[in-house]
Amino acid sequence: MLRKSVLPRIVLIVGCALFALPFYFMFVSAVKTGTEASLAPPTLFPHTFAWSNFADAVSYIPFFLYALNSLIITVGATIGAVLSNTLIAYGFSRIRWPGRNIVFYVCLATVFLPYPVVLVALFDIFGKLPSFGIQGARSWVDTFLPLIVPVFGNPFYIFLMRQFMMGIPRELSDASRVDGASELQTFWHVILPLTKPAVVVVAILAAVAAWNEFLLPLLYLQSNEKYPLAVGLAFYTQEHDVLYNLLMAASTLIVLPIVVMFLLFQRFFIEGITVGGVKG
Amino acid sequence: MAAAAPALTRSRRPRLGALERRNLRWGLLFISPWLFGFLALSVFPILYTFFLSFTRYSGIRPPVIIGLTNYERIATDPLFWKSAYNTLFYTALAVPIGVLMAMILAVAMNQKLREVGIYRAILYLPSILPVFAISLIFIYLLNPAYGMVNALLGLAGLPSPNWLGDPTYARISLVLIAQLGAGQWALVFLAGLRGIPIELYESAEIDGAGAWTKFRRITLPLMTPVILYDIIIGLSLGLQVFTSAFILTGGGGGRGGGAGPDNALLTYVYYLYKQAFQFGQMGYAAALSVVLFVVSLVLAGAVFRWARGWVFYEAEDA
């Protein structure tokens with residue numbers, strides 16, 4: 001038995017080392033002094049810990065403003081994704097209507113549509129939609145709307161929720177209907193409470209996806225004060241001479257919330273994966 | 001099981017009963033957010049993209065129809081071919097390497113190790129971290145002078161390439177960075193492995209099958225649907241690769257629209273982005289989008305057709 005488990009252990013330990021090393025280097029570089037960070041060859045462990053790098057990094061760029069923007073986009077996209085994808089999944093699982101399966105297959109097939117295909121057209125469309133003064137913009141461009149609204153029907157989340165809802169016994173819905181509840185009441189009072197684990201999974205996946213998104217805020221946001229961390233930091237490194245240790249400190253701060261979320265909700269992340277959750 | 005439709009009549013226009021009509025109304029109402037998004041954010045934009053691809057359009061003045069000019073320009077545009085080559089190079093390496101890594105890690109994790117939870121967490125975590133942040137880290141790690149990668153390669157007595165300065169190594173850098181996402185697929189594969197009935201292995205052992213035979217004859221065939229899933233999604237995401245290339249080149253790149261040494265980091269979507277949003281060539285970018293759309297569909301179709309020869313489908317319960 002011992003002999004049998006040696007090889008997989010070696011494979012996994014080497015794999016873990018390779019996967020963790022970049023982040024180890026990110027962190028040690030984040031706490032190196034400026035001179036030590038530009039040593040060649042680099043030191044594997046910091047001689048002195050410059051914890052002040054974190055304070056410097058957040059004052060070099062408008063870090064908290066960008067973080068607030070990231071947070072608003074993430075919360076908006078998450079709430080929208082949870083509400084709409086639960087409704088959609090309910091329609092695809094708890095009600096039998098003619099043509100349901102065909103429409104569901106069409107929904108799944110949209111996974112094959114590479115998002116960049118519609119980038120140009122969507123930008124042009126959003127540029128013509130009135131924003132009614134939201135965020136001081138004339139159209140949806142330069143507002144958070146194009147980053148939040150399109151998450152509302154994600155085939156992965158719909159699939160995941162639908163799988164979950166299919167597992168809830170039909171009799172519960174029937175009983176609720178017999179009691180005279182409308183479809184909306186059945187959804188809200190009977191099915192939704194039982195779907196909580198799937199709701200948490202979708203919320204987590206949607207939140208991480210929104211926090212990590214780069215291309216869309218890069219396209220749609222034009223004023224500096226509306227940038228989320230992703231775009232703000234990328235532009236900053238383009239326009240200034242980068243101090244590597246501060247860049248690594250900022251990267252650490254961006255990665256940290258996701259690491260914390262993962263440690264808190266590990267079980268839900270893993271559940272999302274095994275039903276087929278994939279980064280969009 | 002609920003009774004199937006009351007009567008499967010052969011009449012040309014099946015009339016729906018009151019209950020079915022009610023269900024249809026509610027069903028459509030519940031899925032309406034998706035239906036609206038599908039029509040407004042997918043179908044219409046695709047049609048609109050086709051239209052724009054036949055126009056000259058800067059995004060400001062109304063589009064002017066110019067026929068096939070954009071497509072003629074594509075055929076002779078060296079940067080189009082370069083970016084297509086870079087993207088196919090990336091996809092052709094990243095997808096098979098990704099499948100292989102996911103399979104190796106998943107098989108290793110499937111060996112009833114007590115501490116498997118730790119491996120799972122460490123391997124999975126990088127796949128949910130933002131690609132832009134990972135790419136920022138790699139700008140530093142791949143630096144030929146201060147970077148850790150070459151320092152470690154040097155310690156191991158291996159050559160120290162100029163990662164982001166050499167066209168081939170720059171392309172390989174993109175592939176390497178993408179592999180940090182392999183942990184996610186390793187877990188998808190692991191879930192697949194755990195679904196294989198243990199009895200199959202037990203009876204194979206009785207027949208005297210060794211580890212390799214069991215993998216080759218039981219594990220691999222039963223995992224083919226998962227492998228196909230990985231290939232299809234990997235292909236689609238591979239053709240879209242953008243963020244890592246954008247960050248590694250600092251977003252700017254050459255005046256003429258290139259990026260990276262010998263334009264090696266100019267991926268297809270990066271080029272599309274530059275044409276549309278840096279040069280205001282929305283019509284040309286729309287034509288590039290149409291090409292991406294067609295190539296994606298053709299490749300996905302080709303993979304499905306090819307997969308018919310090797311994917312093993314169990315008798316599914318409907």
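Residue numbers (the working numbering), protein chains in the order written: chain A, 1 to 280; chain B, 1 to 318. Idealized CB from N, CA, C, for every residue including glycine.
Give me the Cα-Cα distance between residue i and residue j, rounded to the nearest whole angstrom.
i: residue 181/A; j: residue 102/A; result: 28 angstroms
i: residue 1/A; j: residue 207/B; result: Low confidence applies here, because residue 1/A scores a pLDDT of 48, under 50, leaving its location unreliable; read the following figure in that light. Whole-angstrom Cα-Cα distance: 20 angstroms.
i: residue 25/A; j: residue 29/B; result: 51 angstroms
i: residue 138/B; j: residue 175/A; result: 57 angstroms
i: residue 238/A; j: residue 150/B; result: 24 angstroms
i: residue 285/A; j: residue 177/A; result: Examination of residue 285/A is not possible in this model, given that chain A is present from 1 through 280 alone.
i: residue 183/B; j: residue 128/B; result: 9 angstroms
i: residue 305/B; j: residue 109/A; result: 16 angstroms
i: residue 186/A; j: residue 34/B; result: 20 angstroms
i: residue 154/B; j: residue 17/A; result: 18 angstroms
i: residue 61/A; j: residue 240/A; result: 11 angstroms
i: residue 270/A; j: residue 195/A; result: 17 angstroms
i: residue 253/B; j: residue 20/B; result: With a pLDDT of only 48 at residue 253/B, under 50, the local geometry of the prediction cannot be trusted, and no value is derived from it.
i: residue 132/A; j: residue 125/A; result: 15 angstroms
i: residue 81/B; j: residue 63/B; result: 26 angstroms
i: residue 279/B; j: residue 188/B; result: 41 angstroms
i: residue 301/B; j: residue 189/A; result: 43 angstroms
i: residue 279/A; j: residue 115/A; result: Per-residue confidence for residue 279/A stands at a pLDDT of 36, beneath the threshold of 50, marking its modelled position as unreliable; the derived number appears in the next sentence. Residue 279/A and residue 115/A: Cα-Cα distance of roughly 13 angstroms.
i: residue 5/A; j: residue 13/A; result: 12 angstroms
Is the separation between the beta-carbon of residue i and that of residue j shorter than 8 angstroms?
i: residue 211/A; j: residue 126/B; result: no
i: residue 121/A; j: residue 45/B; result: yes
i: residue 30/A; j: residue 245/A; result: yes
i: residue 266/B; j: residue 83/B; result: yes
i: residue 33/A; j: residue 192/A; result: no
i: residue 63/A; j: residue 57/A; result: yes
i: residue 152/A; j: residue 198/A; result: no
i: residue 221/A; j: residue 208/A; result: no
i: residue 170/B; j: residue 78/B; result: no
i: residue 150/A; j: residue 111/A; result: no
i: residue 132/B; j: residue 67/A; result: no
i: residue 141/A; j: residue 127/A; result: yes
i: residue 99/B; j: residue 231/B; result: yes
i: residue 283/B; j: residue 48/B; result: no
i: residue 76/A; j: residue 148/A; result: yes
i: residue 135/B; j: residue 248/B; result: yes
i: residue 102/B; j: residue 11/A; result: no
i: residue 235/B; j: residue 303/B; result: yes
i: residue 170/A; j: residue 27/B; result: no
i: residue 254/A; j: residue 229/A; result: yes
Name the chain A residues whose beta carbon is nearer than 7 angstroms to that of residue i?
i: residue 45/B; result: 118, 121, 122, 125
i: residue 27/B; result: 91, 95, 97, 100
Using the beta-carbon of each residue, which ones in chain B are nearer than 9 angstroms to residue i?
i: residue 225/A; result: The premise fails here: residue 225/A is roughly 19 angstroms from chain B at the closest Cβ pair, so nothing lies under 9 angstroms.
i: residue 230/A; result: 130, 132, 133, 243
i: residue 248/A; result: 136, 137, 140
i: residue 364/A; result: No information on residue 364/A is available, as it lies outside the stretch 1 to 280 that chain A covers here.
So which residues on chain B does residue i lean against when the C-beta distance must stay under 7 angstroms?
i: residue 161/A; result: Residues of chain B passing the Cβ test: none, with the nearest at roughly 12 angstroms.
i: residue 208/A; result: 128
i: residue 20/A; result: 122
If contacts are defined as beta-carbon pairs under 8 angstroms, then residue i and residue j qualify, I think. What distance do you get, rounded to the angstrom?
i: residue 186/B; j: residue 121/B; result: Their Cβ separation, rounded to whole angstroms, is 12 angstroms, which puts residue 186/B and residue 121/B out of contact at 8 angstroms.
i: residue 146/B; j: residue 42/A; result: 5 angstroms
i: residue 264/B; j: residue 143/B; result: Actually they do not touch by this definition, with Cβ atoms about 17 angstroms apart.
i: residue 144/A; j: residue 79/A; result: Going by Cβ atoms, the distance from residue 144/A to residue 79/A rounds to 13 angstroms, so no, they are not a contact pair.
Cβ of residue i versus every heavy atom of the ligand FAD: is any distance shorter than 7 angstroms?
i: residue 188/B; result: As far as ligands go, the structure on display features none, and thus does not contain the ligand FAD.
Note down, in chain order, every chain A residue with its Cβ under 8 angstroms from the Cβ of residue i.
i: residue 48/B; result: 121, 124, 125
i: residue 109/B; result: 8, 12
Whose Cβ in chain B lies nearer than 8 angstroms to the Cβ of residue i?
i: residue 42/A; result: 146, 147, 148, 151
Give the interface partners of residue i over in chain A, defined as CB-CB distance under 9 angstroms, in chain order.
i: residue 20/B; result: 96, 97, 98
- How about the stretch 239-256 of chain A and the stretch 218-227 of chain A: do they share at least three Cβ pairs that are nearer than 8 angstroms? no
- Query: Counting pairs of beta carbons, one from the stretch 189-204 of chain B and one from the stretch 219-232 of chain B, are three or more of them closer than 8 angstroms?
  - Reply: yes
- Could you say if the stretch 212-224 of chain B and the stretch 93-100 of chain A meet the contact criterion of at least three C-beta pairs nearer than 8 angstroms? no
- the stretch 160-179 of chain B in contact with the stretch 89-103 of chain B per 3-pair CB rule at 8 angstroms: yes
- Query: Should the stretch 54-73 of chain B be regarded as contacting the stretch 136-147 of chain A, the criterion being three or more beta carbon pairs within less than 8 angstroms?
  - Reply: no
- Are three or more beta carbon pairs between the stretch 253-273 of chain A and the stretch 202-220 of chain A nearer than 8 angstroms? yes
- Message: Taking contact to mean 3 or more Cβ pairs, one atom from each stretch, closer than 8 angstroms, check whether the stretch 46-57 of chain B and the stretch 279-293 of chain B are in contact.
- Response: yes
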